[in-house]
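Residue numbers (my numbering), protein chains in the order written: chain A, 1 to 469; chain B, 1 to 80. Where is the CB? At the ideal position from N, CA and C, for every residue including glycine. First comes the structure, then the notes that go with it.
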């Protein structure tokens, strides 16, 4: 090595790794793996995205959103033409994302007055909205009844509430009944709707059928989230279909739909699941067959009910990426390498349960060492990942995390740091900002400072002088 | 002192390193191999950093920080 000789050699941070059992390959050398590299998202260079819109940055790809929806919808439509698709707002209610799903033909599935207002503000008519959730404020129910939204009943109290509102408006409320049940999956989701096995759902259905203020149209269930068991959907479809027929038989009314909810997994890695998502996650065709075969068998001698679905995660997770950068590095006392990133658990709510794939924006070689990724929060809990094998990284190196399209941009926290911009890579390759990076005015917009506490810089200076004298 | 200790290490061209004093084995990446070679030759921390900066075209600030950190790693692993 000579100081006078200029070199173009790629620089990698120096590192030494103590070799132990797990790090040996079968031939005795240190295991040589590499971290996957991603240089583009939706055909746009990662470097360009970060340079133009900053880091951290959430990136969604329109082509992937549309392709995911079409492939899922085609599978169900082919097996069961009478299928209606709802888009689960809570999974990602950015306006641009919802608008794409509506353009693809999805109606809205909302779970609060806020989400209801968002759907209406996007121009969706009330009768294209399914209103779910355990708490629907009175004014939201009034609006939903007036606008002929389909309201899914969560409790007996809600039946009374809806009857009262409908009577006062002299209108008929369109409702369905949410049913929970044992599908052999633990934990059983029993807190939403009324239970099948105990007869509560049937009793509530009879109450709905008797009501003059209510138009009882169908049944709804949603058996869980990231459901890896196809069999659970067969059981759910059998139970809800049998309840459907029993209600019709006992009350004489005609129901017209069964809403099987969502819960279909994405290709994310659920913590605690040993197998890779490609192996552990069944295909959407398997779920579709389980549901539609059961319905077709149960309703073989009569007209099929409409099937409604409310998928979220399965449709959007893989369309979302998070670009984050190394802002500093250090050695922990146990000689592990630690990196501080500009994105942490404030942006990655789902990292509690899921482990995304970590990719680098360029090849850094195959010398991998144990690394811990910390977020930017001044909080000890802000650990993005504590068991990664990474090559030594320099400050400024970018990591790309995916899939992160589901729930993160709705459940992220406004805490310590500004939330980053969110961009959408369009079909044309153009990149549109669909949510600006937060700023002080946006974060403090709803705060009010009492006049007597509103001290100017001048008054702080005067206070300082008074103290000094 | 550091030089004497490092000279006891046996290394090969692939970055494999054996410490006969403890029986431990290590793997060095390419930059670490270069640094270790210079330190074994008796270069000071500052001289090694200057060479690193020149050889890889990085800032002296980064080279110094990385050299310091590498020596820290050697200490944490019981080598230096």
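### Interface residues of the region 32-54 of chain B facing chain A [CB-CB below 7 Å]
32, 34, 35, 38, 50, 51 and 54
#### Entry: Straight-line gap, residue 205(A) to residue 100(A) (C-alpha atoms, nearest Å)
35 Å
### Query
With a cut-off of 8 Å, does the C-beta of residue 338(A) fall near any C-beta of chain B?
no
### Task
Let me know the secondary structure DSSP gives residue 301(A) once reduced to three states.
Under the three-state reduction of DSSP output, residue 301(A) falls in the coil class, being neither helix nor strand.
#### Entry: DSSP state of residue 28(A) mapped onto helix, strand, coil
Note that residue 28(A) has pLDDT 42, beneath the 50 cutoff, so the model's placement of it is unreliable and no number is given.
### Task
Examine chain B for any beta-carbon lying closer than 8 Å to the beta-carbon of residue 370(A), and answer yes or no.
no
### Query
Does DSSP put residue 195(A) in a helix, a strand or coil?
When DSSP states are grouped into helix, strand and coil, residue 195(A) belongs to the strand group.
### chain B contacts made by the region 348-375 of chain A, where a contact means CB separation under 8 Å
365 and 367
### Task
Taking only beta-carbon positions, decide if residue 9(B) is within less than 8 Å of chain A.
no
### Spatial distance of residue 327(A) from residue 62(A) (CA atoms)
Residue 327(A) and residue 62(A) have their alpha carbons spaced roughly 30 Å apart.
### Message
Assuming residue 344(A) and residue 375(A) are in contact, meaning their beta carbons sit under 8 Å apart, how far apart are those beta carbons, in whole angstroms?
### Response
1 Å
### Message
What would DSSP say about residue 22(A), mapped onto helix, strand or coil?
### Response
Its pLDDT being 47, under 50, residue 22(A) is placed unreliably by the model, and the measurement read from it follows with that caveat. Helix, per DSSP.
### Query
For residue 46(A), which residues of its own chain have a beta-carbon under 8 Å away from its beta-carbon, when the five flanking residues on both sides are left out?
38, 39, 40, 323, 361, 398 and 400
### Task
Could you pull out every unbroken alpha helix (DSSP H) segment of at least 4 residues lying fully inside the region 153-239 of chain A, listed in chain order?
156-169 and 200-210
### Task
Assign residue 433(A) to one of three DSSP states: helix, strand, or coil.
strand
### Query
Got a sec: is the Cβ-Cβ distance from residue 324(A) to anything in chain B below 8 Å?
no
### Query
With burial defined as no fewer than 16 other Cβ atoms inside 10 Å of the residue's Cβ, what is the status of residue 115(A): buried or exposed?
buried
### Task
Run the CB neighbour count on residue 98(A), radius 10 Å, all protein chains shown included, and call it buried at 16 or more, exposed below.
buried
#### Entry: Where residue 60(B) meets chain A, residues with beta-carbon distance less than 9 Å
By Cβ distance, chain A contributes nothing, its closest Cβ being about 11 Å from residue 60(B), past 9 Å.
### Message
I'd like to check one pair, residue 22(B) with residue 11(A): are the Cβ atoms closer than 8 Å?
### Response
no
#### Entry: DSSP-derived helix/strand/coil call for residue 459(A)
Helix at residue 459(A).
### Task
Indicate the three-state DSSP secondary structure (helix, strand or coil) for residue 470(A) in the structure shown.
The shown model of chain A, from 1 to 469, leaves out residue 470(A), and the question about it has no answer.
### Task
Give, in chain order, every unbroken run of the beta strand (DSSP E) that is at least 3 residues long and sits entirely within the region 341-408 of chain A.
357-360, 369-374, 383-390 and 398-402
### Cβ neighbour criterion (16 or more within 10 Å) applied to residue 20(B)
Counting Cβ neighbours within 10 Å, residue 20(B) comes out exposed, since fewer than 16 surround it.
### Query
Using a Cβ-Cβ distance under 8 Å, would residue 29(B) count as near chain A?
With 8 Å as the cut-off, residue 29(B) counts as an interface residue toward chain A.
### Message
To test your reading of the DSSP string, which unbroken alpha helix (DSSP H) runs of 4 or more residues are found completely within the region 25-106 of chain A?
### Response
Entirely contained in the region 25-106 of chain A, the alpha helix (DSSP H) runs reaching 4 residues are, in chain order, 46-53, 62-79 and 95-103.
### Task
Give the straight-line distance between the Cα atoms of residue 256(A) and residue 78(A), rounded to the nearest whole angstrom.
20 Å
### Message
What ranges does the beta strand (DSSP E) occupy inside the region 262-347 of chain A, keeping only unbroken runs of at least 3 residues that lie completely in it?
### Response
306-309, 320-331 and 337-341
### Query
Where does residue 135(A) sit, in a helix, a strand or coil, going by DSSP?
coil
### Beta-bridge partners of residue 16(B), as assigned by DSSP
Per DSSP, 27(B).
### Query
Taking 8 Å as the CB-CB cut-off, is residue 76(B) touching chain A?
yes
### Query
What are the start and end residues of the alpha helix (DSSP H) that includes residue 451(A)?
Premise fails: residue 451(A) is in no alpha helix (DSSP H) and is neither H nor E.
#### Entry: Pairwise C-alpha distance: residue 282(A) and residue 228(A)
7 Å
### Query
Is residue 313(A) near residue 226(A), with beta carbons less than 8 Å apart?
yes
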